[in-house]
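Below: the structure, in structure tokens.
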Amino acid sequence: MRATLAIVRKDLRIEWRTRETATTLAVLGVLLVTVLAFAHDPDPEAAPLFVPAVLWSAMVFTGLLGVERGFLLEREQDCLAGLRGAPIDPTALYAAKLVVNVLLLGATHAVVVPLTGLFLHVDLFPVLAPLALVLLLGTVGFAAVATLFAFVTVRLRSRQVMLPLLVLPLLIPLLIAAVKATEAVLGAGLAGARDALGVLVSFDVIFVTAGALLFPAIVRD
Amino acid sequence: MERASGSALVSAPALEARGVSRDFGGRPVLRGVDLSLAAGETVVLLGPNGAGKSTLLRILALLLSPRDGTILIQGRDARAARPPALRHIGYLGHESACYPDLTARENLEFYAELFGVDDASRIDELLEWTGLAEAAGRPLRTCSRGMVQRVGLARALLHRPSVLLLDEPFTGLDPAASEALDERLRAVRAEGCAVLAAVHDVPRAAALATRVLVLHAGRIVWTSPAVVPDAAGLAEIYRARAGGRG
Chain A
379 MRATLAIVRK
389 DLRIEWRTRE
399 TATTLAVLGV
409 LLVTVLAFAH
419 DPDPEAAPLF
429 VPAVLWSAMV
439 FTGLLGVERG
449 FLLEREQDCL
459 AGLRGAPIDP
469 TALYAAKLVV
479 NVLLLGATHA
489 VVVPLTGLFL
499 HVDLFPVLAP
509 LALVLLLGTV
519 GFAAVATLFA
529 FVTVRLRSRQ
539 VMLPLLVLPL
549 LIPLLIAAVK
559 ATEAVLGAGL
569 AGARDALGVL
579 VSFDVIFVTA
589 GALLFPAIVR
599 D
Chain B
2 MERASGSALV
12 SAPALEARGV
22 SRDFGGRPVL
32 RGVDLSLAAG
42 ETVVLLGPNG
52 AGKSTLLRIL
62 ALLLSPRDGT
72 ILIQGRDARA
82 ARPPALRHIG
92 YLGHESACYP
102 DLTARENLEF
112 YAELFGVDDA
122 SRIDELLEWT
132 GLAEAAGRPL
142 RTCSRGMVQR
152 VGLARALLHR
162 PSVLLLDEPF
172 TGLDPAASEA
182 LDERLRAVRA
192 EGCAVLAAVH
202 DVPRAAALAT
212 RVLVLHAGRI
222 VWTSPAVVPD
232 AAGLAEIYRA
242 RAGGRG
């Protein structure tokens with residue numbers, strides 16, 4: 379726990395100082411929302427149907443970029459050797475990167491969600507709490523898978539191709555459930571999203587556990 | 002300076018490698034390397050590029066797994082008990098393993114937390130010892146290569162390891178910085194730490210080492226006698242054994 383907190387603090391301190399990842403993700407998120415919203419330009423009645431697609435498309439693209447940058451930080455000056463040479467459980471590194479990725483993607487949602495509402499003329503304020511829950515569950519599942527594979531691909535020259543290729547097929551159930559849950563939350567509230575939320579919770583439990591169990595094996599060499 | 006504590010066997014070498022081999026993509030890089038390192042000695046590893054020095058050091062630092070062989074730290078199988086073994090090892094590779102966007106002090110504070118070093122004065126002591134006290138608040142990105150190297154050395158020594166592994170620590174340093182590093186390594190040895198350093202510069206190896214090993218094509222092909230030859234003698238031996246340029 380101490381090591382996890384130390385790594386989280388270190389990553390957030392570097393991010394606060396450089397603002398590299400947060401700025402990149404926010405700019406990419408704004409661009410995606412703008413393009414997607416204005417490309418469709420739906421009428422007010424159809425607009426809520428586009429919200430899930432816009433939100434989760436932005437999430438996937440910004441997420442893949444953000445998660446990869448988290449490990450690129452450890453490549454400079456071979457800092458990964460410093461972490462691997464420390465007497466810590468490798469799971470602490472996975473947990474720390476997962477937490478940092480969820481926080482950074484959460485900050486991106488804070489920019490993307492209001493803009494989506496604004497551009498599509500949908501008042502998201504009344505459903506903010508259930509929507510935040512769906513976003514949180516979706517983001518945790520996404521980060522659990524992407525953090526694991528980002529560590530595998532960060533050492534590859536073709537990492538920008540390999541990461542989406544490895545991660546996206548695994549994320550399909552999560553993305554379907556996330557879109558369905560968002561759709562339901564915008565329509566009938568949390569009650570209508572029960573099944574999709576169940577899938578999201580199951581996905582999170584399975585992949586956070588799998589990530590924590592597999593990460594020590596892949597970090598060894 | 003006391004060394005990493007533990008119930009180590011008193012007579013056991015600080016570090017021992019037995020039959021260490023490693024391949025990369027089917028190409029053998031290390032072929033049954035045996036070596037032993039006693040407390041308070043500085044062993045210099047000489048070898049041409051591609052001899053396997055960096056691979057050997059990374060295996061000894063438990064950052065790479067060998068294909069075959071055993072690593073013993075204070076007489077105990079290091080790979081079987083990795084976290085306790087890592088407390089005995091300080092490793093400085095080609096790069097400092099320090100974050101360029103953090104200051105020297107922040108880097109040391111971070112690693113102190115990972116190694117469970119609770120003594121806050123240890124960081125001040127190391128910053129003073131490496132001559133970085135005044136620059137401790139500057140992000141490393143704004144520091145010279147020599148300063149970053151010294152922060153890397155301080156990081157490797159932070160937890161008072163009993164074995165210090167250095168991979169070409171003099172690369173990129175100017176003569177003054179190299180001299181300062183020389184002095185610090187002598188001080189570390191005087192405190193009982195066993196040092197194993199891969200070095201390219203034969204005269205520096207002759208001056209620094211209490212023992213020299215020549216690694217060639219993944220094998221140790223020569224071990225110096227108790228008295229290390231002078232620079233000219235060592236260069237001649239190195240050329241003969243490994244075809245290296247003295």
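Going down the list, the sequences are from chains A and B. Be aware that the first sequence starts at 379, since it is given in this note's numbering, and climbs by one per residue. Be aware that the second sequence starts at 2, since it is given in this note's numbering, and climbs by one per residue. We put the CB at the ideal spot given by N, CA and C, even for glycine. Because the structure is a prediction, the values reported are computed rather than measured.
Restricting attention to Glu393/A, Leu406/A and Val583/A, the CA atom closest to the CA of Gly441/A is found in Leu406/A. Below the 9 Å Cβ cutoff, chain B contributes Asp102 as neighbours of Thr396/A, in chain order. Taking a Cβ-Cβ threshold of 7 Å, the residues of chain B close to Arg598/A are Ser66, in chain order. Excluding residues up to 5 positions away in sequence, Pro468 lie with their Cβ nearer than 6 Å to the Cβ of Val597/A in the same chain.
A contact is defined here as three or more CB-CB pairs under 8 Å, and the stretch 94-109 of chain B meets this definition with respect to the stretch 164-173 of chain B. By the criterion of a C-beta distance shorter than 7 Å, Leu548/A is surrounded in its chain by Val523, once the five residues flanking it on both sides are discounted. If you look at Val30/B, you'll find it in the beta strand (DSSP E) that goes Arg28 to Leu38. In this structure, Ala559/A places its C-beta atom within 8 Å of the C-beta atom of Leu578/A. Sequence-distant Cβ neighbours of Leu390/A in its own chain, meaning closer than 8 Å and more than five residues away, are Val478 and Leu481. In this structure the stretch 453-473 of chain A does not lie against the stretch 426-433 of chain A, because fewer than three pairs of beta carbons, one per stretch, are closer than 8 Å.
For Thr486/A, no pairing in a beta bridge is given by DSSP. Counting C-beta atoms within 10 angstroms of its own C-beta, Phe527/A has 16 or more neighbours from the protein chains shown and is therefore classed as buried. DSSP, reduced to helix, strand and coil, places Asp389/A within a helical segment of the structure shown. Judged by their CB atoms, Leu103/B and Phe111/B are nearer to each other than the 8 Å cut-off.
With contacts defined as CB atoms closer than 8 Å, Arg453/A and Val532/A qualify as a contacting pair. Unbroken alpha helix (DSSP H) runs of no fewer than 4 residues, entirely contained in the stretch 85-121 of chain B, are found at 105-115, following chain order.
With a minimum length of 4 residues, the unbroken runs of alpha helix (DSSP H) contained wholly in the stretch 165-199 of chain B fall at 176-191. Unbroken beta strand (DSSP E) runs of no fewer than 3 residues, entirely contained in the stretch 412-485 of chain A, are not found. If the five residues before and after Pro14/B are omitted, its C-beta is found closer than 7 Å to the C-beta atoms of Ser37, Leu38 and Ala39, all from its own chain and listed in chain order. Under a 10 Å Cβ-count criterion, Gln538/A is classified as exposed, with fewer than 16 other Cβ atoms of the shown protein chains found around its own Cβ. Between Val203/B and Leu58/B, the C-beta gap is not smaller than 8 Å, which leaves the two residues out of contact. In this structure, the beta-carbon distance from Leu552/A to Phe581/A falls below 8 Å. Judged by DSSP in its simplified three-state form, Glu561/A adopts helix. Within its own chain, the residues whose Cβ lies closer than 7 Å to the Cβ of Leu534/A, once the five positions on either side in sequence are excluded, are Met540, listed in chain order. Straight-line measurement puts the Cα of Asp183/B at about 16 Å from the Cα of Ala232/B. Its Cα nearest to that of Ala207/B, the residue Thr224/B stands out among Thr224/B, Glu129/B and Arg220/B.
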